[in-house]
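To keep things clear, I will list the structure first and then write my remarks on it.
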Amino acid sequence: MEFIIEILSDYTTRTIALGTSLLGLISGLMGTWAVLRRQSLLGDAVAHASLPGIALAFLITGVKNSLFFFIGAAIAGWIATAWVSNITRNTKIKTDTALAIAIALFFGFGMVLITFIQRTPNANQGGLESFLFGQAATLLREDILIMAITAAITIIIVLLLWKEFKLLAFDPQHAHTTGVNIKVLDIILNSLIVIAIVIGLQSVGVVLMSAMLIAPAAAARQWTDRLGAMAILASLFGLLSGIAGTGISSFAPLLPTGPLIVLVSIFIVTISFLFAPKRGLVAQYTLKQKSKKRIALDSMLINLFEICCQHSDPQHLHSVNILKPMPDYNKATIKKLSEQGLITLTKQKEWCLTEKGITNARRIIKNGGSS
Amino acid sequence: MIGLQWEIIIIAILAAITCAILGVFLVLRKMSMTSDAISHAILPGIAIGFLITGTINSPLLIILAALMGLLTVAMTEAVTSTRLVKEDAATGLVFPALFSIGVILISKYASNIHIDTDSVLLGEIAFAPFDRLVIRGVDIGPKSFWVLGTTILLNLLFVLVFFKELKLSTFDSNLAATFGFMPILLNYMLMGLVSITIVSSFEAVGVILVIALLIAPAATSYLLNDNLKNMITLSVIFGIISALAGYWIARWLDASIAGMMATVSGLIFFLVYLLAPGQGLVASVRRRQRQKLEFAQMTLAMHIYNHSDDSENIEERMKGKLGYHLGWSVSYIEKIVKRSQNSGIITVKDDLISITSKGIGFVEAANMLISSKYHPSFQRLRNEFIIFTGN
Chain W
1 MEFIIEILSD YTTRTIALGT SLLGLISGLM GTWAVLRRQS LLGDAVAHAS LPGIALAFLI
61 TGVKNSLFFF IGAAIAGWIA TAWVSNITRN TKIKTDTALA IAIALFFGFG MVLITFIQRT
121 PNANQGGLES FLFGQAATLL REDILIMAIT AAITIIIVLL LWKEFKLLAF DPQHAHTTGV
181 NIKVLDIILN SLIVIAIVIG LQSVGVVLMS AMLIAPAAAA RQWTDRLGAM AILASLFGLL
241 SGIAGTGISS FAPLLPTGPL IVLVSIFIVT ISFLFAPKRG LVAQYTLKQK SKKRIALDSM
301 LINLFEICCQ HSDPQHLHSV NILKPMPDYN KATIKKLSEQ GLITLTKQKE WCLTEKGITN
361 ARRIIKNGGS S
Chain H
1001 MIGLQWEIII IAILAAITCA ILGVFLVLRK MSMTSDAISH AILPGIAIGF LITGTINSPL
1061 LIILAALMGL LTVAMTEAVT STRLVKEDAA TGLVFPALFS IGVILISKYA SNIHIDTDSV
1121 LLGEIAFAPF DRLVIRGVDI GPKSFWVLGT TILLNLLFVL VFFKELKLST FDSNLAATFG
1181 FMPILLNYML MGLVSITIVS SFEAVGVILV IALLIAPAAT SYLLNDNLKN MITLSVIFGI
1241 ISALAGYWIA RWLDASIAGM MATVSGLIFF LVYLLAPGQG LVASVRRRQR QKLEFAQMTL
1301 AMHIYNHSDD SENIEERMKG KLGYHLGWSV SYIEKIVKRS QNSGIITVKD DLISITSKGI
1361 GFVEAANMLI SSKYHPSFQR LRNEFIIFTG N
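If you read the protein sequences in the order shown, they are chains W and H. For what it's worth, our numbering labels the leading residue of the first sequence as 1, then goes sequentially. For what it's worth, our numbering labels the leading residue of the second sequence as 1001, then goes sequentially.
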């Protein structure tokens, strides 16, 4: 609670929180597409690849201006995307290797450029290193403005092309047959993903930005099966990670913001994996236990029914002791059956099936399972 | 005693060799990004090891970091096996988590001391020779020599002893499993060695750029041949070239050595990708162009062949009218006619095109090919097509 008040009251913190929440929002939104299209690791390559773009923008213009950085990073990231798809299309090299080489080449070149910049007598170069792990504290009002405009454009394009993107993500072949130009759409969607990454670079850094693309979307996926809901949830999770990460880092100014934001988002993923209804691991486990118990009850009931059928009077009382040699005999199961009114247990430890028990057993045998 | 500069170069070469050997298997097993994940995720191992021992050169760091690498692989597999997300997303979630913890540990507890995130990330190869191994007062060279040398031996031993098993499990994991080769165990051994390799090279090139030495030389040699043994040899050679060229260019430009080594290894890949025979971009563009020309020549030959007995419509065979009949531009007609003349399938006399007996042979073979795809003339035709280009 306390840091929310602090964020709202302090101008600098407010600016930073605005920036990180914008980045979370957009990366959550675009990450939804990246995760669904199994392009999670492309984000990693694009983020690493943007480093030389930033460095070149600085070398060419000589000023530390976010707009130039955005443009440089976006161009470099976009070239990396083209490189990966080009290599995988033309050779036997697989996507993972093409991504790894893109990271190596672009990031290595970026580091070379940064050593050049460090030798130039420009005192202004300090900000460049914050692009490695992100330093949200370096966000200025102009940066937020650029981020906000880019974010707004991205959201509008996504909303306008929603149906087409949806088709592209789930059934590109069908999209192609309906006359949608999937090549152009693919380029637009990839460009928007690149933009989402570039928006976050200053706060989260090139090394970790890919996590911001994946984590909120992977978390959102667990709570819903609907694309729209997933996109909204992912944006919210991203936004939450951004604000919370910034809040924590305002108490620990030595720590880079990037890792903190990423850890918050990973925390949200962990919670979602564990506790999401239906898909979550806890829900899956309880469901499994429940069906295990039900199967045990059903099979016991059938066993009892078969014993009864061997007797001329189906409701003849048998001793419980004759059940004990059965492999799946279990006291609790017998008790449960009597609780559900499927069998009658007498005080002399004798049992017989009730009318309901007989009907149920017959139905199970007929349908191959109870309802 | 060799000079400082040569010691740096030898360290770079040793790192390149040890990476290049394993890289081939990573590329073939589609695990390039797994090695990227490992290279990031060993950071907390290094940080914890440093916090315990207070030095960056303790063997404990290598053990911890290697364990961290295995943990990354195991965690990724565990997340994937929940089937809540796909494998790529699982990889993309596990390593940033571990890496973030590593960065936070380093910046929180070690910010003022010898270790900093930059040196771990980018390596300090220039300082590596200063850290010397001294036994009973005798200086026996930089520690990196011994660490990297041991890693090379380990990797070589692993590849030589398990060559057959590695080969089979790389190309057909299921068959390897039925033979009792235990591909899963082998995979974990490989990943363990990859982790050790990454830790022992990180001083030279840093954790992020180690992926360059692991993947780029191996991928380059994969473009050039299909034989596993040759691939390993070639990969080692490309690794050494990247290290040497990267070092000298970096010295010349006074830039980051690790960054330049990575850049050079990427550029070598790019060059080979452009120029490689067969798989290269230039070769495949040329192949496509040649196919297009051959197809055009065949179209022309067929057109003339179909109209050779057609004395009423003699204009079908006039060079000037081909544009109307085939929909080609004047310059394109000129080019195709000339090529066909050179390869001897047509003759031109006073603007009138006639087909030669060689040309008739081609057309008839092609017709047969169209009517029966599997006819033996298929092979003959393919061989003869090369003559079409006129080379």
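For glycine and all other residues, C-beta sits at the position ideal for the given N, C-alpha and C.
Taking the beta strand (DSSP E) that residue i belongs to, which residues open and close that run?
i               : result
G1141 (chain H) : 1138 to 1142
W162 (chain W)  : That residue, W162 (chain W), is in no beta strand (DSSP E); its alpha helix (DSSP H) goes 162 to 170.
E350 (chain W)  : 350 to 353
R1132 (chain H) : 1132 to 1135
V1103 (chain H) : Here V1103 (chain H) belongs to no beta strand (DSSP E); instead the alpha helix (DSSP H) covers 1087 to 1109.
V1348 (chain H) : 1346 to 1349
I1353 (chain H) : 1352 to 1355
With a cut-off of 7 Å, does the C-beta of residue i fall near any C-beta of chain H?
i              : result
D225 (chain W) : no
V262 (chain W) : yes
Q118 (chain W) : no
D186 (chain W) : no
G53 (chain W)  : no
K94 (chain W)  : yes
I101 (chain W) : yes
P277 (chain W) : no
Q315 (chain W) : no
T20 (chain W)  : no
S40 (chain W)  : yes
P372 (chain W) : Residue 372 (chain W) is absent from the model: chain W starts at 1 and stops at 371.
M111 (chain W) : yes
Q340 (chain W) : no
A123 (chain W) : Bear in mind that a pLDDT of 49 at A123 (chain W), under 50, signals an unreliable position, so the number given afterwards is only what the model happens to contain. So, not an interface residue.
T178 (chain W) : no
T91 (chain W)  : yes
L255 (chain W) : yes
G108 (chain W) : yes
Along the chain, where does the alpha helix (DSSP H) containing residue i start, and where does it finish?
i               : result
W1252 (chain H) : 1228 to 1253
K288 (chain W)  : 281 to 309
L342 (chain W)  : Taken as a continuous stretch (DSSP letters only), L342 (chain W) belongs to no alpha helix (DSSP H), as it is neither H nor E.
I16 (chain W)   : 11 to 36
A1296 (chain H) : 1281 to 1306
A276 (chain W)  : Premise fails: A276 (chain W) is in no alpha helix (DSSP H) and is neither H nor E.
Q222 (chain W)  : 209 to 223
Y1324 (chain H) : 1322 to 1326
K1167 (chain H) : 1163 to 1171
I1010 (chain H) : 1004 to 1028
M1318 (chain H) : Note, M1318 (chain H): premise wrong, no alpha helix (DSSP H); not H, not E.
V180 (chain W)  : Unbroken run through V180 (chain W): none, as it is neither H nor E.
T1082 (chain H) : Run containing T1082 (chain H): none; DSSP gives neither H nor E here.
T1034 (chain H) : 1032 to 1041
Q1341 (chain H) : 1330 to 1342
Since residue i and residue j are thought to touch, with beta carbons under 8 Å apart, how far apart are those beta carbons, to the nearest angstrom?
i               : j               : result
A1074 (chain H) : I1240 (chain H) : In fact, because the Cβ distance is near 33 Å, the residues do not count as touching under 8 Å.
V1404 (chain H) : V1085 (chain H) : As shown, chain H starts at 1001 and ends at 1391. That puts residue 1404 (chain H) outside it, with no answer to give.
Cβ of residue i less than 7 Å from any chain W Cβ?
i               : result
M1075 (chain H) : no
M1260 (chain H) : yes
M1033 (chain H) : yes
D1036 (chain H) : yes
V1282 (chain H) : no
T994 (chain H)  : Past the boundaries of the shown model lies residue 994 (chain H); chain H is included only from 1001 to 1391, so the question cannot be answered.
L1193 (chain H) : no
P1277 (chain H) : no
Next on the checklist: Within 8 Å, do at least three Cβ pairs link the region 1335 to 1354 of chain H to the region 1269 to 1283 of chain H?
Outcome noted: no
Checklist entry - If we count Cβ pairs, one from each stretch, closer than 8 Å, do we get three or more for the region 19 to 31 of chain W versus the region 193 to 205 of chain W? => result yes
Checklist entry - Taking contact to mean at least 3 C-beta pairs separated by less than 8 Å, is the region 24 to 38 of chain W in contact with the region 158 to 172 of chain W? => result yes
Next on the checklist: Would you call the region 1175 to 1195 of chain H in contact with the region 1222 to 1242 of chain H, where contact means no fewer than 3 C-beta pairs closer than 8 Å?
Outcome noted: no
Next on the checklist: My parser needs the alpha helix (DSSP H) runs of 4 or more residues fully inside the region 64 to 137 of chain W; what are they?
Outcome noted: 66 to 90, 95 to 119, 126 to 133
Checklist entry - Just checking, does the region 1036 to 1053 of chain H make contact with the region 1161 to 1175 of chain H on the three C-beta pairs under 8 Å criterion? => result no
Checklist entry - Does the region 1096 to 1110 of chain H come within contact of the region 1045 to 1065 of chain H, defined as at least 3 CB pairs closer than 8 Å? => result yes
Checklist entry - Does the region 1296 to 1316 of chain H touch the region 1344 to 1357 of chain H, meaning 3 or more C-beta pairs lie closer than 8 Å? => result yes
Checklist entry - Does the count of Cβ pairs from the region 275 to 286 of chain W and the region 311 to 324 of chain W closer than 8 Å reach three? => result no
Checklist entry - Would you call the region 86 to 100 of chain W and the region 53 to 73 of chain W in contact, with 3 or more CB pairs under 8 Å? => result no
Next on the checklist: With three or more beta-carbon pairs closer than 8 Å as the criterion, would you say the region 149 to 164 of chain W touches the region 184 to 195 of chain W?
Outcome noted: yes
Checklist entry - Touching or not, the region 7 to 16 of chain W and the region 35 to 54 of chain W, by the rule of three or more beta carbon pairs under 8 Å? => result no
Checklist entry - Below 8 Å, can you find three or more Cβ-Cβ pairs linking the region 61 to 70 of chain W to the region 134 to 153 of chain W? => result yes
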